[in-house]
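J.: Protein sequence lines correspond, in order, to chains A and B. Going by my numbering, the residue at position 190 of the first sequence is 197; the numbering climbs one at a time, nothing skipped. Going by my numbering, the residue at position 97 of the second sequence is 104; the numbering climbs one at a time, nothing skipped.
Protein chains: 2
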Amino acid sequence: MAVVDLSKQIALGIDIGGTNTKYGLVNHRGQILAKGSMKTVTESPETFVHALYETLSLVVGMYSQDHVLEGIGIGAPNANYYTGTIENAANLPWKGIIPFGQMISEKFGVACKMTNDANAAAYGEMLFGAARGMKDFIMITLGTGVGSGIVSGGKLIYGHDGFAGELGHTIIKPGGRKHWNTGSEGTLEAYASATGITITAKKMRAEFPDSMLNKYAEEDINAKTVHECAVKGDATAIEVFRYTGQKLGEAFANFVMFSSPEAILLFGGVIKAGDFIMKPAKMHMERNLFPTFRNKVKLVFSELDEADAAILGASALVW
Amino acid sequence: MAVVDLSKQIALGIDIGGTNTKYGLVNHRGQILAKGSMKTVTESPETFVHALYETLSLVVGMYSQDHVLEGIGIGAPNANYYTGTIENAANLPWKGIIPFGQMISEKFGVACKMTNDANAAAYGEMLFGAARGMKDFIMITLGTGVGSGIVSGGKLIYGHDGFAGELGHTIIKPGGRKHWNTGSEGTLEAYASATGITITAKKMRAEFPDSMLNKYAEEDINAKTVHECAVKGDATAIEVFRYTGQKLGEAFANFVMFSSPEAILLFGGVIKAGDFIMKPAKMHMERNLFPTFRNKVKLVFSELDEADAAILGASALVW
């Protein structure tokens with residue numbers, strides 16, 4: 008049997024988001040040889056698979072002389088590790104159960120493994136980022152939606168059907184704000200996602216006419232503009248983040264009492280708000296914890312570039 | 008090396024509760040050779056260890072001619088699997104960190120392993136009861152308190168510090184009922200434990216003077232008398248259980264979205280209320296689940312005698 012030259016093997020890591028899809032060619036050591044981004048084609052899964060092939064076969068082609076593509080790993084919302092399907096994704100337009108992994112595998116002619124996007128990011132952080140050496144942590148991604156990946160005893164928790172770790176959809180305020188897609192009331196995602204922050208900001212600026220937030224057009228209110236106003240000292244903008252942080256902290260307390268992690272890793276656009284959200288989050292987490300768990304759990308920001316964590320984690324599914 | 012005669016090895020399984028402590032001598036096949044119960048001596052850990060030794064050395068002595076005691080396994084509230092300590096137990100009178108496993112081991116002269124009481128019960132159900140063959144399930148014990156044990160991928164989740172699975176202390180109603188011991192507001196235990204049901208019943212009977220519950224003295228109101236009234240058709244008693252079931256169901260939905268179990272196993276005195284609690288629990292669990300999880304998760308009653316599950320699970324820690 009010939010010795011396998013690992014340095015020639017590469018994997019394609021893909022991170023599918025509601026708006027953009029990022030990809031990278033990654034070697035065994037977690038080095039990203041090439042990476043890029045494209046719009047997520049939302050028309051149909053078939054047209055998206057076709058668009059991915061058009062773009063990515065060119066990227067892979069550029070490395071095909073010296074390297075062998077061993078497989079494709081994908082992180083996507085509501086993707087199932089066991090079956091390679093995307094099921095009823097709240098932040099993707101395709102409804103029902105899509106055999107996405109199989110479609111990719113057939114198109115590209117290599118094996119494809121899938122997992123949910125936050126699991127991929129958690130895996131990337133565990134192998135190459137802020138969670139190196141940790142065996143118990145929870146990854147929370149705060150972007151358009153709220154995703155999560157749970158690592159316990161060094162392994163991702165997949166659960167009976169492959170869908171474990173949908174913490175964005177846990178109810179943190181029974182009878183609370185209705186989710187724009189799922190219809191559930193009072194979920195974490197309805198408050199702590201970028202979308203949730205926008206809703207909170209629009210409500211609060213209506214209550215406080217003096218707020219700087221009222222200088223913006225309705226469509227320009229988002230987590231970024233709220234951050235700009237908070238930095239300038241606007242009390243309403245600061246309150247938007249404090250409220251968001253409180254909801255996050257209350258949710259974190261429940262997560263800690265479930266799996267007792269060493270740290271909660273945070274990741275995604277929303278964490279740019281930094282202490283405006285994280286200080287109240289920490290305070291309300293501690294306040295709601297059973298004493299045994301207090302002052303033990305770190306809140307840590309991702310160490311990897313946002314896209315890299317998911318690309319690296321997704322690519323590592325191949326090995 | 009001599010062949011080990013497994014049939015001669017026995018383990019002592021102990022289940023420590025806030026009021027009573029149960030024990031059994033168990034062989035490798037999970038057969039309970041002898042079992043019994045005693046009051047939990049609450050004066051101090053030392054006096055309790057002494058009382059356990061007085062009683063249990065006699066029991067073990069009766070089997071010492073044909074059997075060898077390999078070790079002792081204990082399930083206790085807030086026990087730590089990693090360290091063998093009991094820490095800040097909400098339903099035991101000893102505060103702080105008690106090196107209980109070490110104290111037992113020194114007194115009896117054999118090794119002692121500990122885990123929390125609900126973990127022990129979960130382990131017992133997995134090896135010998137309703138969860139045989141399941142790799143992902145959550146055990147919820149509904150007694151004086153609410154305990155939990157979480158099995159994922161065939162293993163108990165212990166977490167970073169050994170305390171994972173304190174689901175009774177998760178907040179299900181922010182700002183809700185204050186817990187009599189911990190001071191936390193709106194925890195599952197404050198509503199769904201026998202103690203919580205008693206509080207709900209006392210409140211509701213005050214609101215409805217016609218309720219049969221008003222025929223009882225204040226100190227006789229408990230989960231058992233509420234059940235008696237519910238069976239007789241008392242609307243207030245039925246509402247006490249419906250409300251309890253709703254809170255349970257809302258909590259179950261969050262648990263499912265965390266670890267995606269095949270089943271939630273229920274166990275403890277409160278489940279005697281049967282459909283009065285379980286029908287609303289099931290309804291509110293389904294209603295609060297993200298669609299991916301709906302109509303998949305079974306609610307199952309323990310198949311083992313209440314004490315046996317914990318004794319069997321605790322004893323199995325020895326092997």
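Glycine included, each C-beta is placed from N, C-alpha and C at the ideal position.
1) DSSP state of M292/B, grouped into three classes?
2) Beta carbons nearer than 8 Å to chain A: which residues of the region 201-231 of chain B have them?
3) Any idea if G161/B is buried or exposed, counting beta-carbon neighbours within 10 angstroms, 16 or more meaning buried?
4) According to a CB-to-CB cut-off of less than 7 Å, which residues of the region 261-277 of chain A neighbour chain B?
5) G78/A lies in the beta strand (DSSP E); which residues open and close that run?
6) Taking only beta carbons into account, state which residues of the region 27-40 of chain B come closer than 9 Å to chain A, listed in chain order.
7) At a Cβ threshold of 8 Å, is G252/B touching chain A?
8) Within 8 Å, do at least three Cβ pairs link the region 100-112 of chain B to the region 124-136 of chain B?
9) DSSP on T194/A, reduced to helix/strand/coil?
10) Round the Cβ separation of G320/A and G82/A to the nearest angstrom and send it over; I've been treating them as touching at under 8 Å.
11) CB-CB under 7 Å to I2/B, same chain, minus the five flanking residues each way: which ones, in chain order?
12) Would you call the CB atoms of A314/B and F274/B closer than 8 Å?
13) Does the beta-carbon distance from S159/B to G156/A come in below 8 Å?
14) Using three-state DSSP, classify G20/A as helix, strand or coil.
15) Are G37/B and Y30/B close, meaning C-beta to C-beta below 8 Å?
16) Inspect the beta-carbon positions of G25/B and T151/B and report whether they are closer than 8 Å.
17) If I measure Cβ to Cβ from N145/B and keep anything under 6 Å in the same chain, skipping five residues before and after, which residues do I get?
18) Distance check for S14/B and E173/A, CA to CA, integer angstroms please.
19) Which residues in the same chain have their Cβ closer than 7 Å to the Cβ of N229/B, if we skip the five residues on either side of it in sequence?
20) For K303/A, go through chain B and note every residue whose CB falls closer than 7 Å to its CB, in chain order.
21) Would you list the residues sitting across from Y30/B in a DSSP beta bridge?
22) Can you give me the Cβ contacts of C119/A inside the same chain, cut-off strictly under 6 Å, excluding the 5 residues immediately before and after it?
23) Report the residues of the region 100-129 of chain A with a CB closer than 7 Å to any CB of chain B, ordered along the chain.
24) Give the straight-line distance between the Cα atoms of A125/A and N27/B, rounded to the nearest whole angstrom.
25) I'd like to know whether the C-beta atoms of Y88/B and M141/B end up nearer to each other than 8 Å.
26) Can R249/B and P287/B be called in contact, C-beta distance under 8 Å?
27) Going along chain A, which residues have a C-beta under 7 Å from L174/B?
28) With DSSP as the reference, please indicate the residues paired to Y119/B in a beta bridge.
29) When you compare only the Cα positions, how much space is there between V66/A and W326/A?
30) Based on DSSP bridge pairs, tell me the residues matched to V233/A.
31) Determine the chain B residues that contact P298/A at a beta-carbon separation under 8 Å, and present them in chain order.
32) Applying a beta-carbon distance threshold of less than 7 Å, which residues of chain B neighbour P181/A?
33) Roughly how many angstroms lie between the CA atoms of F300/B and S71/B, to the nearest whole one?
34) Please classify T49/A: does DSSP put it in a helix, a strand, or coil?
35) Would you mind telling me which residues of chain A sit closer than 8 Å to T92/B, beta carbon to beta carbon, in chain order?
36) So which of A137/A, I39/A, F115/A has the shortest CA-CA distance to Y60/A?
T.: Straight from the coordinates:
1) Here residue 292/B refers to the residue found at position 285 of the second sequence. Of the three classes helix, strand and coil, the one that applies to M292/B here is helix, per DSSP.
2) Per Cβ criterion, the list is empty.
3) As a first step, residue 161/B is located in the second sequence; it is residue number 154 there, counting from the start. By the neighbour-count criterion, in which a residue is buried when 16 or more other Cβ atoms sit within 10 angstroms of its Cβ, G161/B is exposed.
4) Identification of residues in the region 261-277 of chain A having a C-beta nearer than 7 Å to some C-beta of chain B yields N261, M264, F265, S266, S267, P268, E269, given in sequence order.
5) Within the first sequence, numbered from 1, the residue matching residue 78/A stands at position 71. Counting along the chain, the beta strand (DSSP E) containing G78/A begins and ends at 75-83.
6) Of all residues in the region 27-40 of chain B, none has a Cβ within less than 9 Å of some Cβ in chain A.
7) Numbered from its first residue, the second sequence carries residue 252/B at position 245. Residue contact with chain A for G252/B: absent (no Cβ-Cβ distance below 8 Å to any residue of chain A).
8) Segments in contact, no.
9) Numbered from 1 along the first sequence, position 187 holds the residue referred to as residue 194/A. Three-state result, T194/A: strand.
10) Counted from its first residue, the first sequence places residue 320/A at position 313. Counted from its first residue, the first sequence places residue 82/A at position 75. Confirmed, about 6 Å.
11) In the structure as shown, chain B starts at 8 and stops at 326, and residue 2/B therefore has no counterpart that could be examined.
12) The residue given as residue 314/B occupies position 307 in the second sequence. The residue given as residue 274/B occupies position 267 in the second sequence. Going by C-beta atoms, A314/B is not nearer than 8 Å to F274/B.
13) Position 152 of the second sequence holds residue 159/B. Position 149 of the first sequence holds residue 156/A. The answer is no: Cβ separation not under 8 Å.
14) The residue you call residue 20/A lines up with position 13 of the first sequence. Of the three classes helix, strand and coil, the one that applies to G20/A here is strand, per DSSP.
15) As a first step, residue 37/B is located in the second sequence; it is residue number 30 there, counting from the start. As a first step, residue 30/B is located in the second sequence; it is residue number 23 there, counting from the start. Cβ distance not < 8 Å, so G37/B and Y30/B don't count as in contact.
16) Counting from 1 along the second sequence, the entry for residue 25/B is found at position 18. Counting from 1 along the second sequence, the entry for residue 151/B is found at position 144. The Cβ-Cβ distance between G25/B and T151/B falls below 8 Å.
17) Here residue 145/B is taken as the residue at index 138 of the second sequence, counted from 1. The identity of residue 145/B in the sequence shown is Ile, whereas the question assumes Asn. The beta carbon of I145/B sits closer than 6 Å to the beta carbons of I157, F262, P268, I271 from its chain, once the five residues preceding and following it are set aside; these are given in chain order.
18) Taking the first sequence and counting its residues from 1, the one referred to as residue 173/A is at position 166. Taking the second sequence and counting its residues from 1, the one referred to as residue 14/B is at position 7. Between the C-alpha atoms of E173/A and S14/B there is a straight-line separation of about 46 Å.
19) Here residue 229/B corresponds to residue number 222 of the second sequence, with the count starting at 1. Result list for N229/B: A201, T205, in chain order.
20) By one-based count along the first sequence, residue 303/A stands at place 296. The contacting residues are D168.
21) In the second sequence, residue 30/B corresponds to position 23, counting from 1. According to DSSP, Y30/B bridges with I21/B, G43/B.
22) If you number the first sequence from 1, residue 119/A lands on position 112. Cβ contact annotation for C119/A (same chain, cutoff 6 Å, sequence separation greater than five): I79, G108, I111, S112, in chain order.
23) Interface annotation for the region 100-129 of chain A against chain B: empty, criterion Cβ-Cβ distance under 7 Å.
24) Reading the first sequence from its first residue, position 118 is the one you call residue 125/A. Reading the second sequence from its first residue, position 20 is the one you call residue 27/B. A125/A and N27/B have their C-alpha atoms spaced approximately 44 Å apart.
25) The count along the second sequence starts at 1 and reaches residue 88/B at position 81. The count along the second sequence starts at 1 and reaches residue 141/B at position 134. No. Outside cutoff.
26) Working through the second sequence from its first residue, we reach residue 249/B at position 242. Working through the second sequence from its first residue, we reach residue 287/B at position 280. Taking 8 Å as the Cβ cut-off, R249/B and P287/B qualify as a contacting pair.
27) In the second sequence, residue 174/B corresponds to position 167, counting from 1. Neighbourhood of L174/B in chain A, by CB distance below 7 Å: M264, F265, in chain order.
28) Position 112 of the second sequence holds residue 119/B. Note that residue 119/B is Cys in the sequence shown here, rather than Tyr. Bridge partners of C119/B: I79/B.
29) For the purposes of this step, residue 66/A is taken as residue 59 along the first sequence, with counting starting at 1. For the purposes of this step, residue 326/A is taken as residue 319 along the first sequence, with counting starting at 1. Straight across, the Cα-Cα distance linking V66/A with W326/A is about 20 Å.
30) If you number the first sequence from 1, residue 233/A lands on position 226. Paired residue(s): none; V233/A is not in a bridge.
31) Locating residue 298/A in the first sequence gives position 291, counting from the first residue. Within chain B, the residues near P298/A are N95, T189.
32) Looking up residue 181/A in the first sequence gives position 174. Under the 7 Å cutoff, chain B gives K180, E257.
33) One-based indexing of the second sequence puts residue 300/B at position 293. One-based indexing of the second sequence puts residue 71/B at position 64. In this model, F300/B and S71/B are separated by some 51 Å (Cα to Cα).
34) Against the first sequence, residue 49/A aligns to sequence position 42. Coil.
35) Along the second sequence, read from residue 1 onward, the residue named residue 92/B stands at position 85. Going along chain A, no residue has its Cβ under 8 Å from T92/B, so there is no contact; the nearest lies around 11 Å.
36) Translated into the one-based positions of the first sequence, residue 60/A becomes position 53. That would be F115/A, whose Cα lies nearest to the Cα of Y60/A.
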